[in-house]
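Residue numbers (the numbering used here): 37 to 223.
Notes follow once the structure below has been shown.
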């Protein structure tokens with residue numbers, strides 16, 4: 037495909053289901069693109085996120101990466117993939133629904149440039165769980181740690197954050213960023 041202004045477009049994934057909530061980051065000379073796969077209209081039919089490496093020239097690199105209840109270990113992420121990079125490795129973050137005992141977790145996993153998982157799933161909001169699940173997250177890197185931010189809540193959405201090391205370990209506790217009355221969203 038060629039965009040009307042001359043930019044070339046390409047297909048990263050093409051299935052009979054709905055791919056949405058796309059995240060991307062660049063590192064090790066390529067992009068990691070993540071998306072949510074929705075196979076139906078209810079949360080019970082939402083499938084975990086998937087990801088694919090794409091070269092700087094726009095070619096797919098390797099096979100797509102499937103996330104499920106077995107790989108990476110402890111994973112339940114099923115929505116809103118967000119990705120950051122330290123220039124070499126990647127941190128992919130996704131939210132979990134409230135079904136199956138997941139209690140609206142926000143999870144992260146470190147991914148190598150070859151697509152292997154370098155860490156088990158880390159529950160970012162462990163000990164700081166708020167019903168409502170992750171929404172509108174973001175990931176940034178400061179040269180030492182990733183900062184992951186997300187909004188969660190039901191009747192009132194607030195913004196929370198947590199620092200994560202490049203090894204996928206927490207670098208401190210989850211903390212509230214914005215909790216004023218009303219909805220704080222899309223950090």
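In this text, a Cβ means the ideal position worked out from N, Cα and C, and glycines have one as well.
All of these numbers come straight from a predicted model, not from anything done at the bench.
How would you write the range of the beta strand (DSSP E) that residue 181 sits in, first residue to last? Reading the chain shown from its first residue, position 145 is the one you call residue 181. DSSP places residue 181 inside the beta strand (DSSP E), whose first and last residues are 181-188.
Hey, how far is the Cα of residue 84 from the Cα of residue 117? Taking the first residue of the chain shown as position 1, residue 84 is located at position 48. Taking the first residue of the chain shown as position 1, residue 117 is located at position 81. Roughly 10 angstroms separates the two Cα atoms.
Using three-state DSSP, classify residue 202 as helix, strand or coil. Along the chain shown, one-based indexing puts residue 202 at 166. Reduced to three states, the DSSP call for residue 202 is coil.
Within the same chain, show all residues whose beta-carbon is closer than 8 angstroms to that of residue 60, passing over the 5 residues directly before and after it, in chain order. On the chain shown, residue 60 is found 24 positions in, with the first residue counted as 1. These residues qualify, in order along the chain: 67, 68, 69, 70 and 119.
Helix, strand or coil: which one does DSSP assign to residue 149? What you label residue 149 is simply residue 113 of the chain shown in a count that begins at 1. If DSSP states are grouped into helix, strand and coil, residue 149 belongs with coil.
Close Cβ partners of residue 122 (< 6 angstroms) along its chain, the five nearest in sequence each way excluded: As a working note, residue 122 is residue 86 in the chain shown. Around residue 122: 177 and 202.
Between residue 157 and residue 146, what straight-line distance do the alpha-carbon atoms span, to the nearest angstrom? Numbered from 1 along the chain shown, position 121 holds the residue referred to as residue 157. Numbered from 1 along the chain shown, position 110 holds the residue referred to as residue 146. Inter-residue distance for residue 157 and residue 146 is about 8 angstroms (C-alpha atoms, whole angstroms).
Straight-line CA distance for residue 149 to residue 90? As a first step, residue 149 is located in the chain shown; it is residue number 113 there, counting from the start. As a first step, residue 90 is located in the chain shown; it is residue number 54 there, counting from the start. If you take the alpha carbons of residue 149 and residue 90, they lie about 11 angstroms apart.
Any beta strand (DSSP E) of 3 or more consecutive residues that is wholly inside the stretch 82-128: DSSP runs (the beta strand (DSSP E)) wholly in the stretch 82-128: 82-91, 96-102 and 115-121.
Separation of residue 128 from residue 223, as counted between CA atoms: Residue 223 sits at position 187 when you count from the first residue of the chain shown. Residue 128 sits at position 92 when you count from the first residue of the chain shown. In this prediction, residue 223 scores a pLDDT of 48, lower than 50, which makes its location untrustworthy; no coordinate-derived value is stated.
CA nearest to the CA of residue 141, picked from 180, 217 and 186: What you label residue 141 is simply residue 105 of the chain shown in a count that begins at 1. Comparing Cα positions, the closest option is 186.
Could you name the residues of the same chain whose beta carbon sits closer than 6 angstroms to that of residue 204, not counting the 5 residues immediately before and after it, in chain order? Translated into the one-based positions of the chain shown, residue 204 becomes position 168. So the qualifying residues of the chain are 146, 155 and 158.
Span of the beta strand (DSSP E), counted from its first residue to its last, around residue 212: Taking the first residue of the chain shown as 1, we reach residue 212 at position 176. Per DSSP, residue 212 belongs to the beta strand (DSSP E) from 211-214.
Report yes if the C-beta distance between residue 192 and residue 217 is below 9 angstroms; otherwise report no. Reading the chain shown from its first residue, position 156 is the one you call residue 192. Reading the chain shown from its first residue, position 181 is the one you call residue 217. Cβ distance < 9 angstroms, so residue 192 and residue 217 count as in contact.
DSSP three-state call for residue 64: helix, strand or coil? Locating residue 64 in the chain shown gives position 28, counting from the first residue. Assigned with DSSP and collapsed to three states, residue 64 falls in coil, not helix or strand.
For residue 87 and residue 206, the rounded distance between their alpha carbons: Here residue 206 is taken as the residue at index 170 of the chain shown, counted from 1. Here residue 87 is taken as the residue at index 51 of the chain shown, counted from 1. If I take the Cα positions, the gap works out to 23 angstroms.
Between residue 109 and the rest of its own chain, which residues show a CB-CB distance below 7 angstroms, the 5 nearest in sequence each way excluded? As a first step, residue 109 is located in the chain shown; it is residue number 73 there, counting from the start. For residue 109, where only same-chain residues beyond five positions count, the Cβ hits under 7 angstroms are 156 and 157.
Who does residue 144 pair with in a DSSP beta bridge? Walking along the chain shown from the start, residue 144 turns up at place 108. Paired residues: 129 and 158.
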